[in-house]
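In this text, residue positions in the sequence shown follow our numbering: the first is 6, and each later residue adds one.
Heads up, the beta-carbon is just placed ideally off N, CA and C, and yes, glycines get one too.
Accompanying notes for the structure given below.
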Amino acid sequence: MTITVEQPRLDTLDAIISGTGWDSTLPRCGPEDRERMLRSVEVLRGALESDQEVYGITRGFGPLVLYSADDSQELQGNGLISHLGTSQGEPLSPDVCRMVVWLRLNSMRQGYSGVSPDFWDRLADLWNRGFTPAIPQEGTVSASGDLQPLAYAALAHTGRGQAWQRAEDGTFALVPAEKAIRDLGAEPLDWSAREALAFVNGTSVGLAVAVHNHAEIRRINRSVAGLTARIAGLFGANPQAYHSGFGVVRNQEGQLRVAEWIRRALPENHEYDPERPLQEPYSIRCVPQILGAVEDQLDFIGEILRREATGCTDNPICHEGEVLHGGNFHAMPVGLGSDQLGLCLQQVAYLADRQLALLCNPSTNGGLNPMLTPRPGSGSGLAGVQLSSTSFASKIRQLAYPSSLTTLPTNGWNQDHVPMALNGATSVAEAVKLAWLIVGSLAVGVAQYAALGGGDTEGDPLWKELERVSPPLDRDRPLAEEVRAAADAVRGAADSWLVEDQFA
Numbered sequence: 006m007t008i009t010v011e012q013p014r015l016d017t018l019d020a021i022i023s024g025t026g027w028d029s030t031l032p033r034c035g036p037e038d039r040e041r042m043l044r045s046v047e048v049l050r051g052a053l054e055s056d057q058e059v060y061g062i063t064r065g066f067g068p069l070v071l072y073s074a075d076d077s078q079e080l081q082g083n084g085l086i087s088h089l090g091t092s093q094g095e096p097l098s099p100d101v102c103r104m105v106v107w108l109r110l111n112s113m114r115q116g117y118s119g120v121s122p123d124f125w126d127r128l129a130d131l132w133n134r135g136f137t138p139a140i141p142q143e144g145t146v147s148a149s150g151d152l153q154p155l156a157y158a159a160l161a162h163t164g165r166g167q168a169w170q171r172a173e174d175g176t177f178a179l180v181p182a183e184k185a186i187r188d189l190g191a192e193p194l195d196w197s198a199r200e201a202l203a204f205v206n207g208t209s210v211g212l213a214v215a216v217h218n219h220a221e222i223r224r225i226n227r228s229v230a231g232l233t234a235r236i237a238g239l240f241g242a243n244p245q246a247y248h249s250g251f252g253v254v255r256n257q258e259g260q261l262r263v264a265e266w267i268r269r270a271l272p273e274n275h276e277y278d279p280e281r282p283l284q285e286p287y288s289i290r291c292v293p294q295i296l297g298a299v300e301d302q303l304d305f306i307g308e309i310l311r312r313e314a315t316g317c318t319d320n321p322i323c324h325e326g327e328v329l330h331g332g333n334f335h336a337m338p339v340g341l342g343s344d345q346l347g348l349c350l351q352q353v354a355y356l357a358d359r360q361l362a363l364l365c366n367p368s369t370n371g372g373l374n375p376m377l378t379p380r381p382g383s384g385s386g387l388a389g390v391q392l393s394s395t396s397f398a399s400k401i402r403q404l405a406y407p408s409s410l411t412t413l414p415t416n417g418w419n420q421d422h423v424p425m426a427l428n429g430a431t432s433v434a435e436a437v438k439l440a441w442l443i444v445g446s447l448a449v450g451v452a453q454y455a456a457l458g459g460g461d462t463e464g465d466p467l468w469k470e471l472e473r474v475s476p477p478l479d480r481d482r483p484l485a486e487e488v489r490a491a492a493d494a495v496r497g498a499a500d501s502w503l504v505e506d507q508f509a
């Protein structure tokens, strides 16, 4: 009888994110998995029995490949993860850390790493029970994969370091890794040289951060498209800017997509107000071209990241009966992907900041009071909000500097070309947080513009929610909390819009 083991869907990044959630489980190795993995184990065993040199098993690591490995595979494996236990900094989020381990498990499951299926099952069992190492985010060049953060994760499986532990109410706490393992009724692991190397030789940390960044940037892009429609509706802007004809003649899919989003969100009775310019400033008129270009890049980058997530990043590998030595752990696909995500994010955040400027300026907002204050002079309205938004946009530009341009040789010139992929991914993650604050600032501006200009809140439920979280100003008040609340409201709306877009 054939046993069928259902594998998680891996055809989209969304499927990968949902498949690595806290309520997800990895099935144990089925017959096909075991056959593939055992085949690679046999290839590796055959190479060793024929006295072939194998990196990390018979030879040392990195530039120390010139020297013989320890006779004990357990000591060799322990030495690998111990000497790489140099990560520093704040731990990555629990969701990212959980995805990191899932990605390593998925890589090893491909059957190219020479990892025992029984050992894999033990790792997967811990993951299924919720064991999640708390992985520091600093200290890797991402060349032989994200060695140091992954070594920290490997050490946590032995009971050293820290782990994330989820409480019944869904909150997370950092606890000693050994306690987290014991609380699950499990035992710490021991790593042999090959299994340890297969775990740390991978791009999975930078990749996990990049996958989550990608999802957030898609939400941000969709958010700004929705807010653009609200602004265009309140302005009475010329709707021709969002006509499908422009995308048709240009033949750009992202542009067509964004223009459709805006058209759907415009008020049903929207008409061009002849008091407005025939052609709005670019930050209103060219939104399909700007956000559409970002959409196209997100589609492309998403496919690169999906391929990386479903492939094997390891060295050496067992392939068609051979043990192959190379550099399949080099994280350049992730590094360049993260760099491009940062550039895309910067464009969206800058656009939102410019739209806020239009709302605050009487020469572009239709003659409403400067800074949208009902009391010019005695009140300053959104002056502080706009200043902070501009600061956020500037900081995003710093963070979006391509990390691939910061490569430095290291490791005794063995790693003389390194991608710095995790550095790039964590910088983009920080920029994402700031971009949401710009979106929240713009949303507060939209709410105050609607209040001051007499715009209604009909249509999307978001407009009424923004009026609730940022009620009309009568006198100046601190608005930081309202910016954060508005960002949360828009983020929730973007999730709904993205679902609706699939059926539109």
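Would you say the beta carbon of residue i comes nearer than 6 angstroms to a heavy atom of the ligand MG?
i	result
V105	As presented, the structure is devoid of all ligands, the ligand MG included, so that no description of it is given.
Can the beta-carbon of residue i be found less than 7 angstroms from the beta-carbon of residue j?
i	j	result
A52	V59	yes
Q260	G250	no
L152	L89	yes
S394	S446	yes
T233	V328	no
R224	A499	yes
F124	E200	yes
I21	L15	yes
S98	P141	no
A430	G211	yes
G307	P424	no
P381	N374	yes
G238	P286	no
Q257	G297	yes
Considering just the uninterrupted stretch of the alpha helix (DSSP H) at residue i, what are its terminal residues?
i	result
L131	P122 to R134
Q153	L152 to H162
V105	P99 to R114
I21	L18 to G24
E510	As displayed, the chain neither begins before 6 nor continues past 509, which places residue 510 out of reach and without an answer.
R50	P36 to E54
N428	A426 to G458
Q260	E258 to A270
L516	Because the chain in this structure spans residues 6 to 509, residue 516 falls outside the shown range and cannot be described.
Apply the 10 Å Cβ neighbour rule to residue i and answer buried if 16 or more other Cβ atoms are within range, or exposed otherwise.
i	result
W441	buried
Q351	buried
E54	exposed
F508	exposed
T176	exposed
S343	buried
H162	buried
Q81	buried
W169	buried
S73	exposed
H217	buried
Y454	buried
V205	buried
T318	buried
Q403	exposed
Q284	exposed
F3	Since the first residue of the chain shown is 6 and the last is 509, residue 3 is not available in this structure.
D358	buried
L69	exposed
E313	buried
From the DSSP output, which residues share a beta bridge with residue i?
i	result
W169	T137 and L179
V146	Bridge partners of V146: none, in fact.
L329	I322
Y247	Answer is none; Y247 lacks a bridge partner.
S343	Answer is none; S343 lacks a bridge partner.
Q420	T415
S73	R64
R384	For clarity, residue 384 is Gly in the given sequence; the question names Arg instead. In the DSSP output, where bridge partners are listed per residue, G384 has P381.
Along the beta strand (DSSP E) that carries residue i, what are the first and last residues, could you check?
i	result
C323	I322 to H324
P293	No beta strand (DSSP E) contains P293, which is instead part of the alpha helix (DSSP H) from V292 to T315.
G94	Q93 to P96
Figure out for me which residue from the options has the closest Cα to the Cα of residue i.
i	options	result
G150	Q167, A129, V120 and S112	S112
A156	A139, Y277 and L310	A139
Q245	Q257, E258, G231 and H275	H275
L364	V48, R50 and G450	G450
K184	W196, D195 and R165	R165
D3	S87, P68 and R64	Not covered by the structure: residue 3. The range shown for the chain is 6 to 509.
D506	A230, W196 and R171	A230
G417	R44, L71, D56 and L43	L71
L439	V488, P476 and P181	V488
A203	H330, D461 and Q420	H330
V214	W468, D130, S147 and E463	S147
G144	F397, W502 and N428	N428
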